[in-house]
Every structure is written in structure tokens, then in C-alpha cells.
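Structure record follows, encoded as C-alpha cells.
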Amino acid sequence: MTLATAAPELHDCRQAFAETLAELAESDPRTVAVCNDSVGSSNLKDFQQRFPDRLINVGIAEQNMVGVGAGLAGGGRIPYVCAAAPFLTGRALEQIKADVAYSRVNVKLCAMSPGFAYGQLGPTHHGVEDFAWLRTLPELTILTPADPEETREALRWAHSYDGPVYLRIGRTKVPDVTPHVPFRAGRAARLRDGDDITLICAGTTVPAALEAADRLAADGVRARVLNFSTVKPLDEEAVLAAARQTGRIVTVEEANVRGGLGSSIAETVVTHTPVPMRLLGVGDEFTPTGSAAFLADYFGITADAVVRAAGELLGSETDAS
Numbered sequence: 136m137t138l139a140t141a142a143p144e145l146h147d148c149r150q151a152f153a154e155t156l157a158e159l160a161e162s163d164p165r166t167v168a169v170c171n172d173s174v175g176s177s178n179l180k181d182f183q184q185r186f187p188d189r190l191i192n193v194g195i196a197e198q199n200m201v202g203v204g205a206g207l208a209g210g211g212r213i214p215y216v217c218a219a220a221p222f223l224t225g226r227a228l229e230q231i232k233a234d235v236a237y238s239r240v241n242v243k244l245c246a247m248s249p250g251f252a253y254g255q256l257g258p259t260h261h262g263v264e265d266f267a268w269l270r271t272l273p274e275l276t277i278l279t280p281a282d283p284e285e286t287r288e289a290l291r292w293a294h295s296y297d298g299p300v301y302l303r304i305g306r307t308k309v310p311d312v313t314p315h316v317p318f319r320a321g322r323a324a325r326l327r328d329g330d331d332i333t334l335i336c337a338g339t340t341v342p343a344a345l346e347a348a349d350r351l352a353a354d355g356v357r358a359r360v361l362n363f364s365t366v367k368p369l370d371e372e373a374v375l376a377a378a379r380q381t382g383r384i385v386t387v388e389e390a391n392v393r394g395g396l397g398s399s400i401a402e403t404v405v406t407h408t409p410v411p412m413r414l415l416g417v418g419d420e421f422t423p424t425g426s427a428a429f430l431a432d433y434f435g436i437t438a439d440a441v442v443r444a445a446g447e448l449l450g451s452e453t454d455a456s
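Residue numbers for the sequence shown follow our numbering, beginning at 136 and rising by one.
As C-alpha cells, then:
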């Protein structure tokens with residue numbers, strides 16, 4: 136008889152974000168929050184009650200919101216500018232470029248509910264272009280923690296770092312996937328060892344990559360799993376080691392692959408160590424309306440899709456030989 140496996144407990148990373156931000160505010164009076172009428176969706180209600188003179192709600196005015204954050208940073212504060220990912224990045228991209236990145240001020244841009252989190256609200260509310268838009272901006276560090284523990288560690292690191300940081304804080308509930316793997320900014324974390332193929336993931340796609348690796352292992356395939364919680368600067372050393380040692384790479388992201396994490400990996404691989412790759416994520420189309428689970432299946436960022444992509448690469452290698 137086979138015993139049923141209990142489903143893993145799922146967590147909202149926004150809760151870890153809110154708790155950690157309050158801890159930072161308690162210990163550092165420079166900590167302030169700026170938001171766009173998103174006290175509820177950014178999980179800032181507790182922060183507002185505890186530090187009412189350190190939360191600025193500018194209303195639905197994202198460009199001004201980022202400008203206010205830049206001004207506060209110029210005055211020696213550490214502002215956490217919070218808004219839904221598509222509006223923080225899409226509406227205020229010029230201010231992020233000129234006021235934050237170009238000026239290199241100490242602003243922490245907190246993109247809440249990215250990817251497909253607002254799936255039923257349609258493509259205007261889907262945050263899938265942010266990596267592509269922001270990767271082109273010099274001086275801006277991009278972090279996408281995968282679970283509550285990584286969210287806490289990424290936020291603490293961002294607070295200690297003197298410079299602009301973009302944090303992608305997921306709304307979709309996720310299991311703990313990094314309980315024993317310390318967060319190191321700028322470095323990929325190896326979650327599974329393997330020399331047959333490498334699965335590269337980040338944020339909400341880490342559980343799918345881990346499940347795919349387990350299923351591939353059942354068929355005798357040893358898949359390396361790398362968690363790129365830092366999208367920029369990219370850990371090129373880990374990418375090139377994966378290319379050399381495994382010879383095949385699958386990337387999976389809840390974002391547009393054109394300009395996203397997959398493109399970033401491909402740019403590095405093709406320049407130094409070309410190997411066969413598959414890039415899983417949103418393609419060159421507007422996202423349809425549907426639940427986050429539906430959209431993940433539609434765009435093939437599930438464990439099933441990762442296993443299929445790995446099989447294609449492994450099969451093509453076999454045929455080629």
C-alpha cells in the first residue's frame with residue numbers, strides 16, 4: 136500500500152515582506168513606505184498603524200510615487216515604493232530610469248503581485264514585461280525571491296545595500312523551497328545537483344522546476360536546478376558552469392522570455408559556451424484572461440512543460456549522436 140503524500144503548506148510572500156519591512160522600520164528610523172493607494176494589496180496596513188508618519192499614500196499617481204521615493208532617498212531616507220507590478224513598472228518607467236537608476240538613489244522598488252497573480256483581471260493587470268523593461272537599466276539590481284524565507288533575506292539585503300533595487304514580491308501562494316539554502320545577492324543557488332541537464336528558474340517557477348527534476352530523476356536523468364533569485368546582475372559563473380558541465384539548459388519564468396531571465400541566460404550562453412536551450416515563459420503575444428493556474432498551463436511554465444522541454448533536449452542529443 137502506498138501512503139498518500141501530504142500537500143506542502145503554501146505561503147503568501149507578501150506577509151513575509153510586510154513582517155520584515157516592519158522589523159526594518161522598528162530598527163531603522165530612515166525606513167519609510169510610499170504607495171499608490173495600495174495599502175491593502177501591498178500588505179501595509181500593519182505598517183501604517185505602527186508607523187503612521189512613515190507611510191505616504193500618493194493615490195493613483197505612480198510617476199509621482201516614484202519621484203517622491205527618489206526625493207526621500209535624496210534626503211537620507213530609505214523608501215520602499217510599493218505598487219502592483221504592472222503599474223509600478225509600466226506607468227513609472229521613465230521615473231524609474233531617470234529619477235532612480237540614472238540618479239542611483241537608494242530607493243527600493245517593491246513590485247507586488249507580479250506575473251499572472253491578477254490573472255482574472257486581464258493582460259492590463261499582468262506583470263510579465265518587468266524583467267525585459269528593467270534589465271536594460273544600468274545600476275538597478277533585480278531580485279525575485281521564491282518563498283517567504285528568501286523574501287525576508289532579500290529585503291534585509293536590499294536594506295543594507297546602498298543603491299536602487301527592484302524586488303518582485305509574489306502574490307501566488309508558494310511552498311517553502313529554500314529552507315536550507317542561504318540567499319546571496321548576485322549568486323544563483325543550486326537546489327538540485329545533476330550533470331545531465333540544467334533547469335533554471337526564479338520566483339514562482341521554482342516549485343515547478345523542482346518537481347520536474349524529481350520526475351526526471353525517476354527516469355534516471357540527473358537535472359541540476361539553479362534558482363536565480365537575482366535576475367540582475369546575473370551570476371554568469373553559474374550559467375557557464377551549467378553549460379559546460381550539463382550541455383543543455385531549460386529556463387522557466389513567469390515573465391516574457393523576450394528580454395527576461397531566459398534571454399539573459401541565452402545571451403551569456405551564446406557568447407561563451409553555446410549549448411541547446413529551451414526558454415519557457417510568455418512568448419510574443421498579449422496574455423489572455425484567466426486564472427494564474429490556467430495561464431501557467433497556457434504558457435507552459437508547469438512541471439509537465441519543463442519535463443517535456445528537457446525530454447526534447449535530451450532526445451535531440453540522443454538522435455544527434
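Quick reminder that beta carbons are idealized off the backbone N, C-alpha and C, glycines included.
### Query
Sorted by chain position, which residues of the same chain lie with C-beta nearer than 8 Å to residue 294's C-beta, five sequence neighbours on each side aside?
For the purposes of this step, residue 294 is taken as residue 159 along the sequence shown, with counting starting at 1. Non-local C-beta neighbours of residue 294 in its own chain, meaning closer than 8 Å and more than five positions away in sequence, comprise 159, 163, 166, 213 and 243, ordered along the chain.
#### Entry: DSSP three-state assignment for residue 308, whether helix, strand or coil
Against the sequence shown, residue 308 aligns to sequence position 173. Coil at residue 308, not helix or strand.
### Message
So, with DSSP's three-state summary, where would you put residue 386?
### Response
Here the question's residue 386 lines up with position 251 in the sequence shown. Reduced to three states, the DSSP call for residue 386 is strand.
### Query
Quick one: what's residue 217 bridged to in DSSP?
For the purposes of this step, residue 217 is identified with residue 82 of the sequence shown, where counting begins at 1. For residue 217, DSSP records a beta bridge to 170 and 245.
### Query
Skipping 5 residues on each side, what residues in its chain have a beta carbon closer than 7 Å to that of residue 192?
In the sequence shown, counting from the first residue as 1, residue 192 sits at position 57. If we look at residue 192 and ignore the five residues flanking it on each side, its Cβ neighbours are 170, 172 and 174.
### Task
Rounded to whole angstroms, what's the CA-CA distance from residue 274 to residue 337? Just pull it up for me.
Within the sequence shown, residue 274 is the residue found at index 139, counting from 1. Within the sequence shown, residue 337 is the residue found at index 202, counting from 1. Going from the Cα of residue 274 to the Cα of residue 337 covers about 21 Å.
### Task
Measure the alpha-carbon distance for residue 143 versus residue 310 and round it to whole angstroms.
Here the question's residue 143 lines up with position 8 in the sequence shown. Here the question's residue 310 lines up with position 175 in the sequence shown. One C-alpha to the other measures close to 6 Å.
### Task
For residue 359, write down the residues that DSSP places opposite it in a beta bridge.
Position 224 of the sequence shown, counted from the first residue, corresponds to residue 359. Paired residues: 333.
#### Entry: Simplified DSSP state of residue 196, which is helix, strand or coil
The residue labelled residue 196 in the question sits at position 61 within the sequence shown. Of the three classes helix, strand and coil, the one that applies to residue 196 here is coil, per DSSP.
### Message
Quick check: what's the CA-CA separation for residue 368 versus residue 181?
### Response
As a working mapping, residue 368 is identified with position 233 in the sequence shown. As a working mapping, residue 181 is identified with position 46 in the sequence shown. The alpha-carbon atoms of residue 368 and residue 181 are separated by roughly 33 Å.
### Task
Measure the CB-CB distance between residue 301 and residue 265 and report whether it falls below 9 Å.
Taking the sequence shown and counting its residues from 1, the one referred to as residue 301 is at position 166. Taking the sequence shown and counting its residues from 1, the one referred to as residue 265 is at position 130. Cβ distance < 9 Å, so residue 301 and residue 265 count as in contact.
#### Entry: Straight-line gap, residue 262 to residue 380 (C-alpha atoms, nearest Å)
As a position in the sequence shown, residue 262 is number 127, starting the count at 1. As a position in the sequence shown, residue 380 is number 245, starting the count at 1. A straight line joining the alpha-carbon of residue 262 with that of residue 380 spans about 34 Å.
### Task
Mark residue 342 as exposed unless 16 or more other C-beta atoms lie within 10 angstroms of its C-beta, in which case mark it buried.
For this step, residue 342 is matched to residue 207 along the sequence shown. With 16 or more other Cβ atoms within 10 Å, it is buried.
### Message
Taking the straight line between their C-alpha atoms, what separation do you get for residue 240 and residue 228?
### Response
For this step, residue 240 is matched to residue 105 along the sequence shown. For this step, residue 228 is matched to residue 93 along the sequence shown. Take the alpha-carbon of residue 240 and the one of residue 228: they are about 15 Å apart.
### Query
For the alpha helix (DSSP H) that residue 180 lies in, which residues bound it at each end?
Here residue 180 refers to the residue found at position 45 of the sequence shown. Note, residue 180: alpha helix (DSSP H), 180-185.
### Query
Nearest to residue 222 by CA position, among 249, 205 and 425, is which residue?
Here residue 222 corresponds to residue number 87 of the sequence shown, with the count starting at 1. Out of 249, 205 and 425, the CA that lies nearest to the CA of residue 222 is found in 249.
### Enclosing beta strand (DSSP E) for residue 417 [first to last residue]
The residue labelled residue 417 in the question sits at position 282 within the sequence shown. In the DSSP assignment, residue 417 falls within the unbroken beta strand (DSSP E) covering 412-417.
### Query
How many angstroms separate the CA atom of residue 453 from the CA atom of residue 351?
Stepping through the sequence shown from its first residue, residue 453 is reached at position 318. Stepping through the sequence shown from its first residue, residue 351 is reached at position 216. Note that residue 453 has pLDDT 40, beneath the 50 cutoff, so the model's placement of it is unreliable and no number is given.
### Query
Just checking, does the stretch 279-296 make contact with the stretch 313-320 on the three C-beta pairs under 8 Å criterion?
When Cβ pairs closer than 8 Å are counted between the two stretches, the stretch 279-296 is seen to touch the stretch 313-320, the count reaching three or more.
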